[in-house]
Amino acid sequence: MNTALLIDDVRLTPILISDPPLLNTQGVHQPYTPRLIVEVVTRGGVTGVGETYGDGVYLDLARPLAEALPGHPVTDVNGLFGLAERVCGGSPGAEEGVDASGLRGVRTAGKLRLSVVSAFEVACLDALGKAVGLPVHALLGGKVRDAVEYGAYLFYRWAEHPGGGEKDDWGAALDPAGIVAQARRLVAEHGFGSFKLKGGVFGPDREIAAVRALAEAFPGRPLRLDPNGAWSVETSLRVAERLGDVLEYLEDPTSGTDRMAEVAARTGVPLATNMCVTTLPEIAGAFARRAVRIVLSDHHYWGGLHRTRELAAVCRAFGVGLSMHSNTHLGISLAAMTHVAATVPGLEHACDTHYPWQAEDVITARHVFAGGRLAVPDTPGLGVELDRERLATLHRRWLDDDGTLRERDDAAAMRRADPAWVTPAVPRW
Ligand SMILES: [Mg+2]
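The C-terminal position of the sequence shown is numbered 429 in the working numbering, with every residue numbered one higher than the one before it.
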């Protein structure tokens, strides 16, 4: 064993990053959202970085794992899973329910643990890559493309948060004209060639009108609509019927594999998901019933970059496409997404990213899209450098918070504007 590759120290830094007032079916993004930055330092003096969700439940799992890691080699990323099971508690499968709701599908103990392990896996791969002088994609077997395409992620949004927060110059987007204007600006600034509208905010007719307006403004471009499972089967079918000629796919029109399978059986519009297939146990039923044609992977909750490649192989075996889901994230995770996406064959859809909405970051040089694509870096590791001053500032914000923003809660954020708001039951329409 090369002792220089043994982990000497692990640093966990919870932060709060600014987030615009983006609307979804559960509410609105908070003015600040928690993320966790993981640093793994080797005995050889190399530091690798990773990033994941930063809510308390993730921190509670990350701390014992961080404490157990010194002495563990950064090469042994497969060993992280067993180690996490031992030190974080829970049975090996750990699929007991924690919470069955949310925008990212089921919330099981095992999935939470994988979300934490993913940040450590990415940090280990970054450290290993830096130590041996290889990019992370090379550690995953090598890139099969030199650039990864991302899509413009459109949101209904307010001009500003009701209760403070950072201001931006995007203004409100609450109707088709606002969504088209937002799309035009994202194209002008980043060159995106495809569009996804986060739906489930207004009634389906209003969202159909917005997608129609996009189709008129950007003829022939791939369009997607994602109401996060807010519709019934019948509503999903009605939307599919009315937008079938312009949609690349419909994303989680309805909740759960049963309803998704019913919709899929009755429309030719492809269905994609980041809600009904988010863990291994959900794959068999959903694929056997042909409920989805595209799985939107997320290396955070699938357990890292190697696990994302395993998911890609399972999808290939069943003729199911793979693309990438995105939650609010920073440049470390975007680098990780880009490295793994670069290694996956047959990536036919532009990946999602919230990145253009994140004005703050913890890396020294922000990623720059060219023609909607990110070049796959060949520099060692992830190819990003931690900005320690920014990290300290954002950590200070987390320390100063009274606890209300340390847990992401879109419904609570909505209640600041509408005190009577409760998370809508599904199907909402
Ligand atoms: Mg989605």
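Just so you know, even glycine gets a beta-carbon here, dropped at the ideal spot from N, CA and C.
Annotation for GLY383: PRO135, ALA335, PRO377 place their beta carbon closer than 7 angstroms to its own, counting only its chain and skipping 5 residues before and after. As the crow flies, the alpha-carbon of GLY45 is around 22 angstroms from that of ALA62. As DSSP reads the structure, LYS196 sits in a beta bridge with TYR153, ARG224. Per DSSP, the beta bridge partners of ILE17 are THR33. In this structure LEU237 does not touch GLU121 by the C-beta definition: roughly 40 angstroms separates them, more than the 8 angstroms allowed. Taking 6 angstroms as the cut-off, one finds at least one heavy atom of ligand 1 near enough to the beta carbon of ASN274. Per DSSP, ILE363 is not a residue of any beta strand (DSSP E), being assigned neither H nor E. Here DSSP, grouped into helix, strand and coil, assigns SER255 to coil. Counting only runs of 3 or more residues that sit fully inside the stretch 345-412, the beta strand (DSSP E) segments are 373-375, in chain order. Assigned with DSSP and collapsed to three states, ASP126 falls in helix. Apart from the 5 residues on each side of it in sequence, ASP126 sits with its Cβ closer than 6 angstroms to the Cβ of GLY48, VAL49, GLY381, LEU382 in its chain, given in chain order. Bridge partners of ALA272 according to DSSP: GLU251, ILE294. The Cβ-Cβ distance between LYS198 and ASN78 does not fall below 7 angstroms.
Where SER323 is concerned, the enclosing beta strand (DSSP E) starts and stops at 321-324. Annotation: GLU51 is outside any alpha helix (DSSP H); the continuous beta strand (DSSP E) that includes it extends over 47-53. Counting C-beta atoms within 10 angstroms of its own C-beta, GLU348 has fewer than 16 neighbours from the protein chains shown and is therefore classed as exposed.
ASN274 is classed as buried because its beta carbon has at least 16 other beta carbons within 10 Å across all chains shown.
Closer than 6 angstroms to some heavy atom of ligand 1: that describes the Cβ of GLU251. Set against 6 angstroms, the gap from the CB of ASP226 to the closest heavy atom of ligand 1 is smaller. Here DSSP, grouped into helix, strand and coil, assigns ALA317 to helix. In the displayed model, GLU241 falls within a helix according to three-state DSSP. The beta-carbon distance between VAL295 and LEU271, rounded to whole angstroms, is 10 angstroms. This is too long to meet the 8 angstroms contact definition.
Non-local beta-carbon contacts of GLY102 in its own chain, meaning distances under 7 angstroms to residues more than five positions away in sequence, are absent. Of TRP170, PRO253, ASP168, GLY171, the smallest CA-CA separation from GLY203 is found for PRO253. Taking a contact as a CB-CB distance under 8 angstroms, the pair ALA188 and GLY171 does not count as one, their CB atoms being some 15 angstroms apart.
Considering only GLU282, ASP76, VAL38, THR42, the residue with the shortest C-alpha distance to PRO64 is VAL38.
Exclusion of the five residues before and after HIS72 leaves ILE7 as the residues of its chain whose Cβ lies within less than 6 angstroms of its Cβ. In the structure shown, VAL148 adopts extended strand secondary structure according to DSSP, grouped into three states. Counting other Cβ atoms within 10 Å of its Cβ, MET1 stays below 16 and is therefore classed as exposed.
Boundaries cannot be given for ASP168, as no alpha helix (DSSP H) includes it and DSSP labels it neither H nor E.
For HIS161, no alpha helix (DSSP H) segment is defined, and its DSSP state is neither H nor E. It is roughly 16 angstroms from the alpha-carbon of LEU59 to the alpha-carbon of GLY303.
Put simply, of GLN182, ASP226, GLY229 the residue whose alpha carbon is nearest the alpha carbon of PHE218 is GLN182.
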